[in-house]
């Protein structure tokens, strides 16, 4: 009887290990030279401020809750919660390609999350319905940093993202470029300290005032991880790289931005471009138009603008710097009727002009958006009659 029990336990363990290996074996990374060649390079050209035949378009959070096919996946139960889908390369790739298959956007962004970096550092995060990401043990005191890994190995902790990037390149089959991304250091630090989304940011701001040296230590470590992770994504197959400094920065004073945000963004851009050459590097720094001249001095190729930005003023202030722009339709516009969407989209396109421009929203897609309205936005951009000169 005991032998039978042990035999059964061994069989279950063996089958579990076999299934695990089989799932892992499904993702075979190809070298860059063996990946499908790109057929639509509009976004790459636009990001590098080169002429294009038309304005390219993609959307932040284009793969997500507004899509019925995404909701169908996420409602399947065990193994289909948000972070489980991120960690499963096959599911992540399926989700990544949904906007391409539905809308014909000009880029795919890998389905992942900015918070995979804190997870790689050993922080536990739950995705709570109606709340969003919630950290089990956020940083409360400077000595808490001894409980996290400031130098995680990217391949061993984030290899599932790299697998997804490579597999996505295979599945896209050259139709459009693939975007890899990270969250900016300050955005990551905000979550690590606040523990969840916050409007007042009292905990983060207290740290900036009371523990500035510890904040710099953390921001420096996060910057190093961002650089390593971006380069790894490029090596795995990402053809465009994006930094999202989109959480909390708009609530900082300008002095805080120039001390705790700008130097690290500049350093990330310098180091990534040194290693990744002509791979376009995009930045979305939300609500910080006051810093646009300084940001134009960095190695970022393209600056994303939020929906509150004055496009004409930004254009004037960075004229001659060779930077492309991206944005910036108010996402809420896509909750209106189609005539309003076309009107506002054309207004946006006329303000930006055709050269060195990637059409996008001024923030991420909203769960309440109708796919029909999103398609109206995409087609309005792609059918715009002016072309770059």
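Residue numbers (my numbering): 32 to 420. C-beta: ideal position from N, C-alpha, C; glycine also.
Taking 9 Å as the threshold (C-beta atoms), are residue j and residue i in contact?
i	j	result
residue 321	residue 355	no
residue 143	residue 192	yes
residue 391	residue 357	yes
residue 280	residue 214	no
residue 256	residue 169	no
residue 275	residue 239	no
residue 360	residue 315	no
residue 309	residue 80	no
residue 167	residue 114	no
residue 176	residue 245	yes
residue 232	residue 282	yes
residue 158	residue 394	no
residue 67	residue 94	no
residue 205	residue 265	no
residue 164	residue 227	yes
residue 295	residue 181	no
residue 328	residue 352	yes
With a 10 Å radius around its C-beta and 16 neighbouring C-beta atoms as the bar for buried, classify residue i as buried or exposed.
i	result
residue 339	exposed
residue 301	exposed
residue 416	exposed
residue 119	buried
residue 172	exposed
residue 123	buried
residue 197	buried
residue 405	buried
residue 99	exposed
residue 236	buried
residue 259	buried
residue 127	buried
residue 125	buried
residue 243	exposed
residue 62	exposed
residue 267	buried
residue 414	exposed
residue 54	Annotation note: pLDDT 41 at residue 54 (below 50); position unreliable, no value reported.
residue 162	exposed
residue 367	exposed
residue 153	exposed
residue 50	Bear in mind that a pLDDT of 36 at residue 50, under 50, signals an unreliable position, so the model cannot answer this.
residue 155	exposed
residue 110	exposed
residue 76	buried
Assuming the contact rule is C-beta atoms closer than 8 Å, residue i and residue j should be a hit. Round their C-beta distance to whole Å, please.
i	j	result
residue 203	residue 137	Residue 203 to residue 137, Cβ: 12 Å. No contact.
residue 317	residue 363	With 8 Å as the limit, residue 317 and residue 363 do not qualify as a contact, their Cβ atoms being about 15 Å apart.
residue 88	residue 412	4 Å
residue 330	residue 313	Between residue 313 and residue 330 the Cβ distance is about 12 Å, and since that is not below 8 Å, they are no contact.
residue 194	residue 60	7 Å
residue 141	residue 78	Not confirmed; about 17 Å, so no contact.
residue 219	residue 253	5 Å
residue 349	residue 323	6 Å
residue 398	residue 96	4 Å
residue 139	residue 209	5 Å
residue 86	residue 402	Actually they do not touch by this definition, with Cβ atoms about 21 Å apart.
residue 307	residue 262	6 Å
Under DSSP, the alpha helix (DSSP H) around residue i begins and ends at which residues?
i	result
residue 404	402-413
residue 190	185-203
residue 142	It is not in any alpha helix (DSSP H) - residue 142 carries neither H nor E in the DSSP assignment.
residue 323	323-326
residue 258	243-267
residue 330	Segment: none, residue 330 is in no alpha helix (DSSP H) and carries neither H nor E.
residue 371	369-383
residue 397	Residue 397 -> no alpha helix (DSSP H), and no H or E assigned at all.
residue 117	113-118
residue 304	293-307
residue 93	Looking at the DSSP string, residue 93 is not in any alpha helix (DSSP H), and its letter there is neither H nor E.
residue 59	First-last for residue 59: undefined, no H or E at that position.
residue 348	342-348
residue 179	From DSSP, residue 179 is part of no alpha helix (DSSP H); its letter is neither H nor E.
Among all the DSSP beta bridges, which residues are the ones paired with residue i?
i	result
residue 166	156
residue 88	390
residue 214	275
residue 209	139
Along the chain, where does the beta strand (DSSP E) containing residue i start, and where does it finish?
i	result
residue 273	271-276
residue 355	355-360
residue 333	333-335
residue 316	312-316
residue 136	No beta strand (DSSP E) contains residue 136, which DSSP labels as neither H nor E.
Flag residue i as yes when its Cβ comes closer than 8 Å to any non-hydrogen atom of the ligand PLP, and as no otherwise.
i	result
residue 213	Because no ligand of any kind appears in the structure shown, any question about the ligand PLP cannot be addressed here.
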